[in-house]
Amino acid sequence: MSFGSHLLYTIKSELKDKTHQNYKKLIIENTLLIHYTGATKPWHKWAIYPSTKYYKIALDNSPWKDDSPRDAKSIIEFKKRYKHLLVQHHYISGIIAGVCYLCRKYYPK
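Residue 92 in UniProt numbering sits at position 92 of the sequence shown, with consecutive numbering throughout.
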């Protein structure tokens, strides 16, 4: 009898996986807990990947189901946002996000 397993998973790996299917090798049927690591989390607006579906299922069944996805706040999140948008072929949004990142990096408040 298997009691399942827990897994550390970084959404950053989606930047290199053009198919966005490699998560299936890690997140298997008996996985009970997924700990999303790294700067990009499944609750960020730009984390639109099949690997975040498990989080979305849990969210839809939680008291926070009506909360909006979170936008970038820190400079690291701005950097990750533009990279993910470009990988997702959202080129105009990605370029705008990249400009926002550069402005925050070189012209901090």
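Cβ atoms here follow ideal geometry from the backbone N, Cα and C, with glycine treated the same way.
{"Asked": "Residue environment, Glu29, which counts as buried when at least 16 other CB atoms sit within 10 Å", "Found": "exposed"}
{"Asked": "According to DSSP, residues forming a beta bridge with His35", "Found": "Leu8"}
{"Asked": "Three-state secondary structure (DSSP) of His89", "Found": "coil"}
{"Asked": "6 Å CB neighbourhood of Arg81 in its chain, flanking five on each side removed", "Found": "Trp46, Ala72, Ala97"}
{"Asked": "Residue closest to Pro48, alpha-carbon to alpha-carbon, out of Gln88, Lys16, Lys24, Lys25", "Found": "Before going further, note that residue 48 is Ile rather than Pro in the sequence given. Minimum Cα distance to Ile48 is reached at Gln88."}
{"Asked": "Limits of the alpha helix (DSSP H) - the one that Ile57 falls within", "Found": "53-60"}
{"Asked": "Buried/exposed call for Lys79, threshold 16 Cβ in 10 Å", "Found": "buried"}
{"Asked": "Ile57 beta carbon less than 8 Å from that of Arg104", "Found": "no"}
{"Asked": "For His84, the three-state DSSP class (helix, strand or coil)", "Found": "helix"}
{"Asked": "Pairwise C-alpha distance: Pro108 and Tyr9", "Found": "31 Å"}
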